[in-house]
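Numbering (this note's numbering), first residue to last: 614 to 1055. Just so you know, even glycine gets a beta-carbon here, dropped at the ideal spot from N, CA and C.
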Amino acid sequence: MTTSDLSTHSTASLISNEEQFEDYGEGDDVDCAPSSPSPDDETRTNVYSDLGSSVSSSAGQTPRKMRHAYNSELLDVYCSQCCKKINLLNDLEARLKNLKANSPNRKISSTAFGRQLMHNSNFSSSNGSTEDLFRDSIDSCDNDITEKVSFLEKKVTELENDSLTSGDLKSKLKQENTQLVHRVHELEEMVKDQETTAEQALEEEARRHREAYSKLEREKSTELELLNARVQQLEEENTELRTTVSRLKSQTEKLDEERQRMSDRLEDTSLRLKDEMDLYKRMMDKLRQNRLEFQKEREATQELIEDLRKELEHLQMYKLDCERTGRGRGSSSSLGEFNARAREVELEHEVKRLKQENHKLRDQNDDLNGQILSLSLYEAKNLFATQTKAQSLAAEIDTASRDELMEALKEQEEINFRLRQYMDKIILAILDHNPSILEIKH
């Protein structure tokens, strides 16, 4: 290989490498790549920068050394080793390009990398003489390239492993994504079914609400009609009640006046009843006294009847004795017998009369006893009833109505009337049978 060919080949390799890096750096970024380069990317960038600077400096210095015609053996060794290293670097760059194409991380742009290469080339060309640089590059080229190549191999291996791991993770994520997509489709179908069911239920509910609303409107209209009719009826009743109230007020005033009159009449009636009760008590006392006198007269009459009976028996015995003594006596005996018979007949009539009178007195006594007993019971009942009614009537006068007052007054008048009638009957009966009972003895 000649020096011109080596220079041309090195320049072409650098240009092609720069184009490759530029093409890769300007490619599309993956969505999951971060916006800033990772530490591995910075390491690789530094390695490429060092490697490019050494290669570019060598490539820039090679034509000068060729033009100055230095040692050809050293140039041959350098060119052969550089070609091998450059080929190895090209292979590594291809592998890196493949890995970078499949890697999710964002890499450094080729423009920045090319700019760094040119800067390193200019800087290295401006330092010192070309001879010192050429010697330094020859001495350190092998060591640097070997270390960098080994380092790049390790990085390439790591990147390949990362790529495999990323591929497995990507396939797993794709599978999970597929499952999630199916699940999403199922959920979308379920949501659509539920939306359809909800729409149907909503339509049915809306229909029921419309029917219920129409029903409520009908009921409301009917109820309003009824209420209007009721209001009209109540207004009429209110008008009637106002008229009735005015009439009742006038009637109430009349009833107050009537109640006052009734109260006065009731007071008069109470006084009259009190007088009647006093009279009744006096009559009862008189009746008891007459009863005692009648009992005494009855006992005296009974004694008289007993004496007459004994005298009659004595006369009968005397008559029998006279008949036994014979009939030979004269006119004096017949006259005595006639007188005795006349006395006997008279005594018999007297006994009959006394018996009849005694029987009559017994009947009168029984009648009077029955009348006294019934009168006592009746008057006691009437007295309690009258007092109770008088008290209740006096208590209820203020709250009683006109009809109740009239009815109570009628009952009181009827009671008083019956009491007076009964008292009159008792007085007439006493006058018919024994008027002396009513005599007042001083």
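Evaluate Ser779 with the Cβ neighbour count: other Cβ atoms within 10 Å of its Cβ, from every protein chain shown; 16 or more gives buried, anything less gives exposed. Looking up residue 779 in the sequence shown gives position 166. By the neighbour-count rule (16 or more Cβ atoms within 10 Å), Ser779 is buried.
Please name the residue in Glu906, Leu800, Gln788, Arg956 whose C-alpha comes closest to that of Leu928. Within the sequence shown, residue 928 is the residue found at index 315, counting from 1. For Leu928, the nearest C-alpha among the options comes from Arg956.
I'd like to know whether the C-beta atoms of Leu1032 and Met875 end up nearer to each other than 7 Å. Locating residue 1032 in the sequence shown gives position 419, counting from the first residue. Locating residue 875 in the sequence shown gives position 262, counting from the first residue. Result no, Cβ atoms of Leu1032 and Met875 do not sit closer than 7 Å.
From Leu709 to Met803, what distance separates their C-alpha atoms? In the sequence shown, the residue the question calls residue 709 occupies position 96. In the sequence shown, the residue the question calls residue 803 occupies position 190. Between Leu709 and Met803, the C-alpha separation is close to 48 Å.
Just tell me which of Gln792, Thr856, Asp881, Leu701 has its CA closest to the CA of Glu760. In the sequence shown, counting from the first residue as 1, residue 760 sits at position 147. Of the listed residues, the one whose Cα sits closest to Glu760 is Leu701.
Do the segment 885-898 and the segment 960-976 make contact, defined as three or more Cβ pairs closer than 8 Å? no
Go through its chain and collect everything with a Cβ distance to Leu967's Cβ below 6 Å, but skip five positions before and after it. Start at 1 with the first residue of the sequence shown, and residue 967 comes out as number 354. So the list reads Ile918, once near-sequence residues are dropped.
Going by alpha carbons, who is nearest to Gln977 out of Leu829, Ile1039, Arg872, Thr857? For the purposes of this step, residue 977 is taken as the residue at position 364 of the sequence shown. Of Leu829, Ile1039, Arg872, Thr857, the residue nearest in Cα terms is Ile1039.
Within 10 angstroms of its Cβ, does Leu861 collect 16 or more other Cβ (buried), or is it exposed? The residue labelled residue 861 in the question sits at position 248 within the sequence shown. Exposed.
If we ignore side chains and look at the alpha-carbon of each, how far apart do Gln846 and Lys833 end up? Your numbering for residue 846 matches position 233 in the sequence shown. Your numbering for residue 833 matches position 220 in the sequence shown. Approximately 19 Å between the Cα atoms of the pair.
Do you know how far the Cα of Gln807 is from the Cα of Ala819? For the purposes of this step, residue 819 is taken as the residue at position 206 of the sequence shown. For the purposes of this step, residue 807 is taken as the residue at position 194 of the sequence shown. In a straight line, the C-alpha of Ala819 is about 18 Å away from that of Gln807.
Does DSSP classify Thr938 as helix, strand or coil? Your numbering for residue 938 matches position 325 in the sequence shown. In this structure, Thr938 counts as coil in the three-state DSSP scheme.
Do Leu765 and Leu705 have their CB atoms nearer than 7 Å? Along the sequence shown, read from residue 1 onward, the residue named residue 765 stands at position 152. Along the sequence shown, read from residue 1 onward, the residue named residue 705 stands at position 92. Cβ distance < 7 Å, so Leu765 and Leu705 count as in contact.
Exposed unless 16 or more other CB atoms sit within 10 angstroms - verdict on Tyr826: What you label residue 826 is simply residue 213 of the sequence shown in a count that begins at 1. Exposed.
With distances taken Cα to Cα, identify the nearest neighbour of Arg904 among Asp980, Leu786, Arg843. In the sequence shown, the residue the question calls residue 904 occupies position 291. Comparing Cα positions, the closest option is Asp980.
Beta carbon of Gln1034, beta carbon of Thr882: below 7 Å? In the sequence shown, the residue the question calls residue 1034 occupies position 421. In the sequence shown, the residue the question calls residue 882 occupies position 269. No, the Cβ-Cβ distance between Gln1034 and Thr882 is not below 7 Å.
With 16 other Cβ atoms within 10 Å as the buried cut-off, status of Leu1041: The residue you call residue 1041 lines up with position 428 of the sequence shown. Exposed, because fewer than 16 other Cβ atoms sit within 10 Å of the Cβ of Leu1041.
Sorted by chain position, which residues of the same chain lie with C-beta nearer than 8 Å to Asn1029's C-beta, five sequence neighbours on each side aside? In the sequence shown, counting from the first residue as 1, residue 1029 sits at position 416. For Asn1029, where only same-chain residues beyond five positions count, the Cβ hits under 8 Å are Thr882, Arg885, Leu886, Glu889.
Is it buried or exposed, Leu879, if we count other Cβ atoms within 10 angstroms and call 16 or more buried? Walking along the sequence shown from the start, residue 879 turns up at place 266. When all chains shown are included, Leu879 counts as buried.
Glu850 to Glu838, Cα distance in whole Å? Start at 1 with the first residue of the sequence shown, and residue 850 comes out as number 237. Start at 1 with the first residue of the sequence shown, and residue 838 comes out as number 225. Rounded to the nearest angstrom, the two C-alpha atoms are 18 Å apart.
What is the rounded straight-line gap between the Cα of Gln915 and the Cα of Asp934? Here residue 915 is taken as the residue at index 302 of the sequence shown, counted from 1. Here residue 934 is taken as the residue at index 321 of the sequence shown, counted from 1. Approximately 29 Å, taken between the alpha carbons.
Report the CB separation of Met1036 from Tyr893 in whole angstroms; it is logged as a contact under 8 Å. The sequence position of residue 1036 within the sequence shown is 423, counting from 1. The sequence position of residue 893 within the sequence shown is 280, counting from 1. Going by Cβ atoms, the distance from Met1036 to Tyr893 rounds to 7 Å, so yes, they are a contact pair.
Length of the line joining the Cα atoms of Arg831 and Glu848: Here the question's residue 831 lines up with position 218 in the sequence shown. Here the question's residue 848 lines up with position 235 in the sequence shown. Whole-angstrom Cα-Cα distance: 26 Å.
Span separating the alpha-carbon of Glu816 from that of Ala842: For the purposes of this step, residue 816 is taken as residue 203 along the sequence shown, with counting starting at 1. For the purposes of this step, residue 842 is taken as residue 229 along the sequence shown, with counting starting at 1. Approximately 39 Å, taken between the alpha carbons.
Rounded to the nearest angstrom, what separates Thr835 and Ala814 at their Cα positions? Translated into the one-based positions of the sequence shown, residue 835 becomes position 222. Translated into the one-based positions of the sequence shown, residue 814 becomes position 201. If I take the Cα positions, the gap works out to 31 Å.
Rounded straight-line distance, which links the Cα of Val858 to that of Val844: For the purposes of this step, residue 844 is taken as residue 231 along the sequence shown, with counting starting at 1. For the purposes of this step, residue 858 is taken as residue 245 along the sequence shown, with counting starting at 1. Val844 and Val858: Cα-Cα distance of roughly 20 Å.
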